[in-house]
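Right, one structure below, let's go through it.
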Amino acid sequence: MNFKPEFEKEDTHKMKYETIDKYMGVLENMVTFRPDQSIHEAIDIIITKKISGAPVLDEQRHLIGNLSEKDCLRIIVDQAYHNLPVALSKVSDYMNVNVSSFPPTTTVVEAAVEFLKSPIRRYAVVENGVLIGQISRRDILRASQNIKPTNW
(Lines of atoms letter the chains of each structure in order from A and count residues from 1; the text may use other names and numbers.)
(Lines give C-alpha, C1' and ligand atoms only; values in the text may rest on other atoms or scores of the structure.)
Protein backbone atom coordinates (compact mmCIF):
# COMPACT_ATOMS: atom_id res chain seq x y z
CA MET A 1 0.00 0.00 0.00
CA ASN A 2 1.24 3.43 -0.94
CA PHE A 3 0.37 6.27 1.42
CA LYS A 4 2.32 8.85 -0.51
CA PRO A 5 -0.11 11.46 -1.92
CA GLU A 6 -0.25 11.71 -5.66
CA PHE A 7 1.88 14.51 -7.07
CA GLU A 8 -0.24 17.34 -8.42
CA LYS A 9 1.45 18.99 -11.33
CA GLU A 10 0.96 22.73 -11.46
CA ASP A 11 -0.38 24.03 -14.74
CA THR A 12 2.48 26.28 -15.80
CA HIS A 13 0.87 27.19 -19.11
CA LYS A 14 -1.97 29.09 -17.52
CA MET A 15 -0.66 32.01 -15.53
CA LYS A 16 -2.94 33.63 -13.02
CA TYR A 17 -3.06 37.38 -13.34
CA GLU A 18 -4.90 39.90 -11.25
CA THR A 19 -8.27 41.14 -12.40
CA ILE A 20 -8.98 44.74 -13.37
CA ASP A 21 -11.46 45.28 -10.55
CA LYS A 22 -8.48 45.82 -8.22
CA TYR A 23 -7.24 48.75 -10.30
CA MET A 24 -10.32 50.36 -11.83
CA GLY A 25 -11.73 53.71 -10.87
CA VAL A 26 -15.00 53.17 -9.01
CA LEU A 27 -18.30 54.72 -10.06
CA GLU A 28 -18.60 56.89 -6.94
CA ASN A 29 -15.46 58.80 -7.99
CA MET A 30 -16.39 59.13 -11.67
CA VAL A 31 -18.03 61.89 -13.65
CA THR A 32 -21.09 60.58 -15.48
CA PHE A 33 -23.72 62.15 -17.69
CA ARG A 34 -27.47 61.62 -18.14
CA PRO A 35 -28.96 61.35 -21.63
CA ASP A 36 -31.35 64.25 -20.96
CA GLN A 37 -28.57 66.53 -19.68
CA SER A 38 -27.80 69.69 -21.67
CA ILE A 39 -24.89 69.19 -24.06
CA HIS A 40 -23.54 72.61 -23.07
CA GLU A 41 -23.56 71.63 -19.38
CA ALA A 42 -21.70 68.42 -20.28
CA ILE A 43 -19.08 70.37 -22.25
CA ASP A 44 -18.58 72.73 -19.29
CA ILE A 45 -18.00 69.70 -17.04
CA ILE A 46 -15.54 68.14 -19.50
CA ILE A 47 -13.58 71.40 -19.63
CA THR A 48 -13.61 72.24 -15.91
CA LYS A 49 -12.88 68.68 -14.73
CA LYS A 50 -10.16 68.31 -17.42
CA ILE A 51 -11.48 64.94 -18.60
CA SER A 52 -11.66 63.57 -22.13
CA GLY A 53 -15.19 62.22 -21.73
CA ALA A 54 -17.50 60.25 -19.48
CA PRO A 55 -20.06 57.45 -19.55
CA VAL A 56 -23.76 58.17 -20.02
CA LEU A 57 -26.07 56.31 -17.62
CA ASP A 58 -29.81 55.83 -17.35
CA GLU A 59 -31.66 56.03 -14.01
CA GLN A 60 -30.72 52.42 -13.12
CA ARG A 61 -26.99 53.08 -13.76
CA HIS A 62 -27.09 51.05 -16.98
CA LEU A 63 -24.42 52.14 -19.42
CA ILE A 64 -26.20 53.51 -22.49
CA GLY A 65 -23.44 55.55 -24.11
CA ASN A 66 -20.29 57.59 -23.82
CA LEU A 67 -19.73 61.29 -24.46
CA SER A 68 -16.21 62.31 -25.47
CA GLU A 69 -14.52 65.55 -26.47
CA LYS A 70 -14.59 64.30 -30.05
CA ASP A 71 -18.36 63.74 -29.88
CA CYS A 72 -18.78 67.30 -28.63
CA LEU A 73 -16.79 68.71 -31.55
CA ARG A 74 -19.72 67.74 -33.78
CA ILE A 75 -21.54 70.77 -32.34
CA ILE A 76 -19.17 73.08 -34.20
CA VAL A 77 -19.92 71.30 -37.48
CA ASP A 78 -23.66 71.25 -36.80
CA GLN A 79 -23.67 75.00 -36.20
CA ALA A 80 -21.24 76.06 -38.92
CA TYR A 81 -22.07 73.77 -41.82
CA HIS A 82 -25.56 72.49 -41.18
CA ASN A 83 -26.96 75.61 -39.49
CA LEU A 84 -28.59 73.43 -36.84
CA PRO A 85 -29.69 75.02 -33.55
CA VAL A 86 -27.88 73.34 -30.69
CA ALA A 87 -29.07 75.47 -27.78
CA LEU A 88 -31.57 72.80 -26.69
CA SER A 89 -29.41 69.81 -27.59
CA LYS A 90 -29.00 66.99 -25.10
CA VAL A 91 -26.19 64.58 -24.35
CA SER A 92 -28.22 61.86 -26.09
CA ASP A 93 -27.98 63.84 -29.36
CA TYR A 94 -24.18 63.57 -29.43
CA MET A 95 -23.18 60.55 -27.34
CA ASN A 96 -21.70 57.42 -28.85
CA VAL A 97 -23.94 54.40 -28.19
CA ASN A 98 -21.36 51.81 -29.29
CA VAL A 99 -19.49 51.56 -26.01
CA SER A 100 -16.85 48.92 -25.36
CA SER A 101 -16.67 47.48 -21.88
CA PHE A 102 -15.03 44.80 -19.76
CA PRO A 103 -16.49 42.63 -17.02
CA PRO A 104 -14.68 43.08 -13.67
CA THR A 105 -13.21 39.56 -13.99
CA THR A 106 -11.08 40.58 -16.99
CA THR A 107 -7.40 40.04 -16.26
CA VAL A 108 -4.85 42.83 -16.47
CA VAL A 109 -3.18 41.05 -19.40
CA GLU A 110 -6.46 40.63 -21.30
CA ALA A 111 -7.17 44.33 -20.82
CA ALA A 112 -3.65 45.27 -21.97
CA VAL A 113 -4.15 43.26 -25.17
CA GLU A 114 -7.40 45.14 -25.89
CA PHE A 115 -5.79 48.51 -25.19
CA LEU A 116 -3.01 47.66 -27.65
CA LYS A 117 -5.52 46.80 -30.38
CA SER A 118 -7.68 49.88 -29.90
CA PRO A 119 -7.34 53.68 -29.81
CA ILE A 120 -9.66 53.69 -26.77
CA ARG A 121 -8.01 55.19 -23.68
CA ARG A 122 -10.51 53.97 -21.10
CA TYR A 123 -13.06 51.18 -20.94
CA ALA A 124 -16.22 50.95 -18.90
CA VAL A 125 -16.35 48.10 -16.38
CA VAL A 126 -19.84 46.63 -16.40
CA GLU A 127 -21.43 43.91 -14.29
CA ASN A 128 -24.94 42.67 -15.12
CA GLY A 129 -25.44 45.66 -17.42
CA VAL A 130 -24.66 48.14 -14.64
CA LEU A 131 -21.61 50.40 -14.72
CA ILE A 132 -19.39 49.75 -11.69
CA GLY A 133 -16.25 51.59 -12.78
CA GLN A 134 -13.78 52.25 -15.55
CA ILE A 135 -10.26 51.13 -16.35
CA SER A 136 -7.71 53.28 -18.15
CA ARG A 137 -4.37 52.66 -19.81
CA ARG A 138 -2.69 54.25 -16.81
CA ASP A 139 -4.51 51.87 -14.44
CA ILE A 140 -3.15 48.93 -16.44
CA LEU A 141 0.36 50.40 -16.30
CA ARG A 142 0.01 50.69 -12.53
CA ALA A 143 -1.11 47.05 -12.38
CA SER A 144 1.87 45.98 -14.49
CA GLN A 145 4.19 46.90 -11.65
CA ASN A 146 2.78 43.92 -9.73
CA ILE A 147 3.26 41.35 -12.49
CA LYS A 148 6.06 38.99 -11.52
CA PRO A 149 8.60 38.05 -14.18
CA THR A 150 8.57 34.45 -15.33
CA ASN A 151 11.65 32.29 -15.00
CA TRP A 152 11.94 29.67 -17.72
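With the first letter of the sequence shown counted as 1, position 60 gets the number 59 in numbering that gives the first Met the number 0; the numbers rise by one all the way through.
A virtual CB, placed ideally from N, CA and C, is assigned to each residue, including glycine.
Since we're looking at a predicted model, the values are computed, not measured.
Taking every protein chain shown into account, the CB of Gln144 has fewer than 16 other CB atoms within 10 angstroms, so this residue is exposed.
Every unbroken stretch of the alpha helix (DSSP H) spanning 4 or more residues and falling wholly within the stretch 71–101 is given here in chain order: 90–93. Here Asn65 is buried: its Cβ has 16 or more other Cβ atoms, across all protein chains shown, within 10 Å. When the Cα atoms are used, Lys147 and Tyr16 turn out to be separated by approximately 9 Å. When only Cα atoms are considered, Val112 and Arg121 end up about 13 Å apart. Its chain contains Ile38 as the residues whose beta carbon lies nearer than 7 Å to that of Asp92, once the 5 sequence neighbours on both sides are disregarded; these appear in chain order.
In the DSSP assignment, Arg136 falls within the unbroken alpha helix (DSSP H) covering Arg136 to Ser143. Check the Cα spacing between Ile46 and each of Ser67, Gly132, Ser88 and Ala79: the tightest is with Ser67.
Separation of the CB atoms of Gly52 and Gln133 is rounded to 10 Å, and the pair is thereby denied contact status at 8 Å.
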